[in-house]
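Take a look at the structure below.
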Amino acid sequence: MLIKIKKSSDIPSSEITPESVYYSRRDFMRGVGGIAIGSAAGGLISQAALAEGDKTAAELNLASKPAWLAQKISQRKPVPASGPFVTVDAKTPYSDVATYNNFYEFGTDKADPSNRAKHFAVDPWSVEVAGECNKPGKYTLEDILKPHTLEERVYRLRCVEAWSMVIPWVGFSLGDLLKRFEPSANAKFVEFQTLLDPKQFPEQSSRFATIHWPYVEGLRMDEAMHPLAIMAVGLYGDAMPAQNGAPIRLVVPWKYGFKSIKSIVRIKFRSDMPTNTWKDLQPSEYGFYANVNPAVNHPRWSQATERRLPASLFMPQRVETRPFNGYADEVESLYTGMDLRRNY
Ligand SMILES: Nc1nc2c(c(=O)[nH]1)N[C@H]1C(S)=C(S)[C@@H](COP(=O)(O)O)O[C@H]1N2
Ligand SMILES: [Mo]
Numbered sequence: 003m004l005i006k007i008k009k010s011s012d013i014p015s016s017e018i019t020p021e022s023v024y025y026s027r028r029d030f031m032r033g034v035g036g037i038a039i040g041s042a043a044g045g046l047i048s049q050a051a052l053a054e055g056d057k058t059a060a061e062l063n064l065a066s067k068p069a070w071l072a073q074k075i076s077q078r079k080p081v082p083a084s085g086p087f088v089t090v091d092a093k094t095p096y097s098d099v100a101t102y103n104n105f106y107e108f109g110t111d112k113a114d115p116s117n118r119a120k121h122f123a124v125d126p127w128s129v130e131v132a133g134e135c136n137k138p139g140k141y142t143l144e145d146i147l148k149p150h151t152l153e154e155r156v157y158r159l160r161c162v163e164a165w166s167m168v169i170p171w172v173g174f175s176l177g178d179l180l181k182r183f184e185p186s187a188n189a190k191f192v193e194f195q196t197l198l199d200p201k202q203f204p205e206q207s208s209r210f211a212t213i214h215w216p217y218v219e220g221l222r223m224d225e226a227m228h229p230l231a232i233m234a235v236g237l238y239g240d241a242m243p244a245q246n247g248a249p250i251r252l253v254v255p256w257k258y259g260f261k262s263i264k265s266i267v268r269i270k271f272r273s274d275m276p277t278n279t280w281k282d283l284q285p286s287e288y289g290f291y292a293n294v295n296p297a298v299n300h301p302r303w304s305q306a307t308e309r310r311l312p313a314s315l316f317m318p319q320r321v322e323t324r325p326f327n328g329y330a331d332e333v334e335s336l337y338t339g340m341d342l343r344r345n346y
């Protein structure tokens, strides 16, 4: 997303979505049928989620995880058989979910996060709650999670770069969490902030980084309270890999992936609309709402279709992008009367 191109005609699609990463891999041999994965019940990453030759789950997920968290994750509620919390779409294999990442704090290449996050320390972790609410304060991760039962949710994740994955998250309702802090009547928006720690995030001390750290995101209060919005602490029945935003991240499945901010350390209730990192960087290309919308193209590429990962030269897996990423029935009413072309 950082790549600056002079004319839109100059952009090869390989720069939007570095497909070369996939050409050389054995993904094409798996076939679509091979991608359908069991529900990873029992708390272990199903062997089928990893193809032969992949690194093991243990090699891919080195984030420290406290025992209480592992235990809590193992007691999660399974995903319902049908409804918006699950999808019939084939899940993206664990090895792709954990190696093809956007986490610019670790670097701009898709492989940088999994290569550079190996020693990312997430224990102890706390989240500061601030702004328009009755219960501000500093909460440990354990405090944050304590009253919530974790649930499995299988959601599509649609990146603004026109690729997508299907990920079985482990998390809990964001709205249930926010209610505990008793937001005041002035709380119209909620802002989230990623950890600022140049010792752990190499790009935060890079002279070449164009992002103003820390990464920030925001939601309108009614969006944040929507049952589809979750705080996730794991995926594939295990604790969150560092490269996917350990120990706690947002997942807002009807919006472009950049809204789903990783490694959160601060939540602030606000009366005014917060800024968000990508909008701040390039307001003509990225907005606050960022609802997945095939009818509104990115100024440099079409948003009408997406590459469902894993894809390859031989199996491009091009699928049509759906309004609100397929969650229109659930969330459309949040935007009644709004011009979604202006509010992109
Ligand atoms: N802090 C932070 N959060 C972030 C990003 C980032 O660079 N930094 N990238 C975003 C983007 S662009 C996407 S598509 C998703 C990717 O999540 P994943 O790597 O778990 O698939 O994380 C989002 N959250
Ligand atoms: Mo993204």
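Using the numbering used here, the first residue of the sequence shown is number 3, and each one after it goes up by one. A virtual CB, placed ideally from N, CA and C, is assigned to each residue, including glycine.
Three-way DSSP call (helix, strand, coil) for residue i in this model
| i | result |
| --- | --- |
| Gln-305 | coil |
| Trp-70 | helix |
| Asp-114 | helix |
| Tyr-346 | coil |
| Arg-105 | Arg is not the amino acid found at residue 105; the sequence shown has Phe there. Three-state result, Phe-105: coil. |
| Asn-327 | helix |
| Leu-283 | helix |
| Lys-190 | coil |
| Leu-180 | helix |
| Tyr-337 | helix |
| Leu-147 | helix |
Distance, residue j Cα to residue i Cα
| i | j | result |
| --- | --- | --- |
| Thr-142 | Pro-318 | 43 Å |
| Glu-334 | Ala-53 | 38 Å |
| Ala-38 | Pro-95 | Per-residue confidence for Ala-38 stands at a pLDDT of 31, beneath the threshold of 50, marking its modelled position as unreliable; no derived number is given. |
| Ile-169 | Pro-82 | 15 Å |
| Pro-229 | Ile-75 | 20 Å |
| Trp-165 | Leu-198 | 28 Å |
| Phe-290 | Asp-178 | 23 Å |
| Phe-105 | Asp-341 | 30 Å |
| Phe-271 | Met-227 | 13 Å |
| Glu-184 | Ala-113 | 40 Å |
| Thr-110 | Trp-280 | 14 Å |
| Glu-332 | Cys-135 | 27 Å |
| Asp-274 | Ala-51 | 43 Å |
| Val-267 | Asp-145 | 13 Å |
| Thr-338 | Tyr-346 | 14 Å |
| Arg-343 | Trp-303 | 16 Å |
| Phe-1 | Phe-87 | Limits of the chain in this structure are 3 at one end and 346 at the other, which puts residue 1 out of reach. |
| Pro-115 | Gly-85 | 32 Å |
| Leu-180 | Asn-188 | 14 Å |
Sequence-distant residues of the same chain with beta carbon closer than 8 Å to residue i, five excluded per side
| i | result |
| --- | --- |
| Trp-171 | Glu-154, Arg-155, Val-156, Tyr-157, Ile-232, Ala-234, Gly-236, Leu-237, Val-253 |
| Arg-182 | Lys-137, Pro-149 |
| Thr-151 | Gln-77, Arg-78, Lys-79, Phe-174 |
| Trp-70 | Glu-144 |
From the options, residue whose alpha carbon lies closest to that of residue i
| i | options | result |
| --- | --- | --- |
| Tyr-329 | Ala-72, Pro-126, Lys-79, Thr-89 | Thr-89 |
| Phe-203 | Ser-166, Asn-136, Phe-108, Asp-145 | Phe-108 |
| Val-162 | Lys-140, Pro-255, Phe-271, Phe-210 | Pro-255 |
| Pro-80 | Asp-178, Leu-198, Gly-239 | Gly-239 |
| Pro-277 | His-300, Val-267, Glu-332, Trp-215 | Here residue 277 turns out to be Thr, not Pro, going by the sequence shown. Among His-300, Val-267, Glu-332, Trp-215, the Cα nearest to that of Thr-277 belongs to Trp-215. |
| Pro-249 | Met-227, Ala-72, Glu-332 | Ala-72 |
| Gly-133 | Thr-151, Ser-186, Tyr-106 | Ser-186 |
| Lys-57 | Tyr-106, Glu-184, Phe-87, Asn-117 | Asn-117 |
| Pro-312 | Thr-338, Met-167, Ser-128 | Met-167 |
| Ile-269 | Ser-128, Pro-115, Asp-91 | Ser-128 |
Cβ neighbours of residue i in the same chain (closer than 7 Å, five flanking residues each side left out)
| i | result |
| --- | --- |
| Ile-263 | Phe-194, Thr-196, Tyr-217, Glu-219, Arg-251, Leu-252 |
| Arg-320 | Thr-307, Arg-309 |
| Gly-139 | Val-131 |
| Pro-200 | Gln-206, Ser-207 |
| Pro-68 | Asp-125 |
| Tyr-258 | Arg-160, Cys-161, Val-162, Ala-292, Val-294 |
| Ser-265 | Thr-196, Leu-197, Gly-247, Ala-248, Arg-251 |
| Leu-283 | Thr-212, Ile-213 |
| Ser-66 | Ala-123, Val-124, Asp-125 |
| Gln-305 | Ala-164, Asn-295, Pro-296, Val-298, Asn-299, Thr-323 |
Close Cβ partners of residue i (< 6 Å) along its chain, the five nearest in sequence each way excluded
| i | result |
| --- | --- |
| Arg-209 | none |
Short CB-CB distance (under 8 Å) between residue i and chain D
| i | result |
| --- | --- |
| Asp-114 | Note that chain D does not occur in the displayed structure, where there is just one protein chain. |
TODO: Would you be able to state if there are at least three C-beta pairs under 8 Å between the segment 116 to 123 and the segment 237 to 244?
DONE: yes
TODO: State whether the segment 244 to 263 contacts the segment 55 to 67, with contact taken as three or more CB pairs (one from each stretch) at a distance under 8 Å.
DONE: In short, these stretches touch, since the Cβ pair count reaches three.
Open item on the list: Quick check: the segment 212 to 227 against the segment 190 to 202, are at least 3 beta-carbon pairs closer than 8 Å?
Closed with: Flag = yes, the segment 190 to 202 and the segment 212 to 227 touch.
Task: the segment 325 to 333 / the segment 281 to 296 touching (three or more Cβ pairs under 8 Å) - done: yes
Open item on the list: Whether or not the segment 98 to 110 and the segment 173 to 181 are in contact is what I'm after, with contact meaning three or more pairs of Cβ atoms, one per stretch, closer than 8 Å; do they touch?
Closed with: no
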